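Down below is the structure, laid out as structure tokens.
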């Protein structure tokens, strides 16, 4: 196995709004979406997308890029769970580590989509996560969003990977993993080989108001991650390792997004795959930027993910300014 993803599986229902307002502060930050209260509000259309979630998206991305991929997750014994497993099978993601739990409901999120942005209503079922016995021997573990019930899983993951230094650990924390705090997950941060988060998430995890991306990555590195990658919306993305710091601009396709859900997952997982294939960090950032941009052209986190051949073609025709530069 090349790529072993760990995290929640979700069924997303996208609701394309056509009657809403967005309000931001004077710095165009801290935005809120509003709709008329106590009224019937029309929407353009709705679309159900099964088998998503940070880790699920990462596994599908890796499989499309030609790696053998599996996902450790859980779904309910219901129609939504069946749809998720069927979808993973279609995408050639191994499902033998996905538990189906009686009496539980598959995670279901509602995506309020207005313009290119979205607000997601989330609810996580309390699944009983546990590592398999025997443990697999993957080349990389991709750890991301797990609900509150899975906090105890991080300790056996740390036990396992501390004894398996040859396995690449990639950590892209989800909402609850950020909420629970760096101290509780200190062993995970210390063992992490590659860390992914956006600028605001770096600040949240570190409890910092620092705006300088270099300083944020340097501080994160001090907690353990060997390679730190930071995404910053329209500013592009940054990567730091022992060789230096690089910036990659947004791929031209991504400058006109249709819907942004999952772009960060596409970027992180594809950058990871490139590193696994022996690419340098600057090269890997370019790979990630292409797939992240193409995700924004479709609905949901997976439809826009490219195959390796398609991604390499896009890299071959990218404008000369699309490259990672040392900063």
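Numbering (my numbering), first residue to last: 202 to 528.
Idealized CB from N, CA, C, for every residue including glycine.
These figures come from a predicted structure and were not determined experimentally.
The beta carbons of residue 379 and residue 405 sit closer together than 8 Å.
Burial state of residue 347 is buried, judged by a 10 Å Cβ sphere holding 16 or more other Cβ atoms.
Rounded to whole angstroms, the gap between the alpha carbons of residue 223 and residue 217 is 15 Å. In terms of Cβ geometry, residue 448 and residue 525 form a close pair [threshold 8 Å]. Taken in chain order, the complete alpha helix (DSSP H) segments of 4 residues or longer contained in the stretch 271 to 318 are 280 to 291. By the beta-carbon neighbour count (other beta carbons within 10 angstroms, threshold 16), residue 330 is buried. Judged by DSSP in its simplified three-state form, residue 508 adopts coil rather than helix or strand.
Sixteen is the threshold: when 16 or more other Cβ atoms of the shown chains lie within 10 Å of the Cβ of residue 274, as they do, the residue is buried. Counting only the Cα atoms, residue 291 lies some 14 Å from residue 282.
Fewer than three Cβ pairs drawn from the stretch 448 to 468 and the stretch 354 to 369 lie within less than 8 Å of each other, which leaves the two stretches out of contact. In the same chain as residue 395, and ignoring 5 residues on each side of it, the C-beta atoms closer than 6 Å to its own belong to 371, 428, in chain order.
Looking at the DSSP output, residue 526 sits in a beta bridge with 448. Following the DSSP letters along the chain, one finds residue 224 inside the beta strand (DSSP E) bounded by residues 222 to 224. If you look at residue 387, you'll find it in the alpha helix (DSSP H) that goes 387 to 392. Under DSSP, residue 207 forms a beta bridge with 273, 344. Taken through DSSP and simplified to helix, strand or coil, residue 468 comes out as helix. The C-alpha of residue 492 lies about 33 Å from the C-alpha of residue 364. For the options 210, 419, 312, the alpha carbon positioned closest to that of residue 260 is the one of 210. Of the other Cβ atoms in all chains shown, fewer than 16 fall within 10 Å of the Cβ of residue 220; this residue is therefore exposed. Annotation for residue 369: no alpha helix (DSSP H) segment contains it, though the beta strand (DSSP E) segment containing it runs 369 to 372. By the C-beta density criterion, residue 253 is buried, having at least 16 other C-beta atoms within 10 angstroms. As DSSP reads the structure, residue 441 sits in a beta bridge with 429, 446.
Collapsing the DSSP output to three states places residue 403 in a helix. With a 10 Å radius around the Cβ and a threshold of 16 neighbouring Cβ atoms, residue 242 comes out exposed. About 17 Å separates the beta carbons of residue 460 and residue 432, which is beyond the 8 Å limit, so they are not a contact pair. Here the alpha carbons of residue 500 and residue 341 stand approximately 28 Å from one another. Look at residue 358 here: in three-state DSSP terms it is helix.
In the DSSP assignment, residue 352 falls outside any alpha helix (DSSP H), carrying neither H nor E.
Per DSSP, residue 381 is one residue of the alpha helix (DSSP H) stretching across 376 to 381. The alpha-carbon of residue 352 is positioned some 42 Å away from that of residue 517.
The Cβ atoms of residue 345 and residue 255 lie closer than 8 Å to each other. The shortest C-alpha to C-alpha distance from residue 376 to any of 402, 343, 368 is the one to 402.
Shown here, residue 265 sits in a helix according to DSSP, grouped into three states. In the three-state reduction of the DSSP assignment, residue 456 falls in the helix class.
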